[in-house]
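When you read off a place in the sequence shown, starting at 1, and then add 104, the result is the number in the numbering used here.
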Amino acid sequence: MKRTFKILGITIISIIAIYTIFIIEESIRTSNNMNSKPVIILSTEINNGNITYNSLGFKLKNKYGVVEDKKILIGQEFWLFDSFLIWAWIS
């Protein structure tokens, strides 16, 4: 019985660790490259020219504006579980 709980505990901790590494990697990758998209995209929403990518446990909002008749990226937000703002920037 102890061995089963030990294996189950190690499995759960491993899954949580892999998921945490995935979220950290996606956060760093998308913050360093403005035009990047998440690796896994579950859905995409387009509202008023702004694009929201929903992925596994987080969403990335790209906010666009018009400058000199060109549509450029003016801000990004990284939300964890659609509730917690991890980072954001606006130019």
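We put the CB at the ideal spot given by N, CA and C, even for glycine. Bear in mind that the values here come from a model prediction, so they are computed numbers and not experimental data.
Taking the DSSP output, what are the residues bridged to residue i?
{"i": "Asn154", "result": "Asn151"}
{"i": "Glu181", "result": "Lys165 and Ala192"}
{"i": "Lys174", "result": "Val171"}
Does DSSP put residue i in a helix, a strand or coil?
{"i": "Gly169", "result": "strand"}
{"i": "Leu160", "result": "coil"}
{"i": "Ile145", "result": "coil"}
{"i": "Ser140", "result": "coil"}
Quick one: residues in its chain with C-beta nearer than 6 Å to the C-beta of residue i, no 5 flanking neighbours on either side, listed in chain order?
{"i": "Asn158", "result": "Leu146 and Ser147"}
Give the straight-line distance between the Cα atoms of residue i and residue j, rounded to the nearest whole angstrom.
{"i": "Lys165", "j": "Met105", "result": "46 Å"}
{"i": "Ile190", "j": "Asn139", "result": "18 Å"}
{"i": "Ile125", "j": "Lys174", "result": "36 Å"}
{"i": "Thr115", "j": "Tyr123", "result": "12 Å"}
{"i": "Ile120", "j": "Lys141", "result": "23 Å"}
{"i": "Leu112", "j": "Asn137", "result": "38 Å"}
{"i": "Arg133", "j": "Glu172", "result": "29 Å"}
Would residue i count as contacting chain D if we go by Cβ distances under 9 Å?
{"i": "Ile144", "result": "Protein chains in the displayed structure number just one, and chain D is not present."}
Residues in its own chain within less than 8 Å of residue i by CB, not counting five upstream and five downstream?
{"i": "Ile155", "result": "Thr148, Glu149, Lys165, Asn166 and Tyr168"}
Enumerate in chain order the residues of its own chain whose CB-to-CB distance from residue i is below 7 Å, with the five nearest sequence positions on each side excluded.
{"i": "Ile194", "result": "Ile178 and Gly179"}
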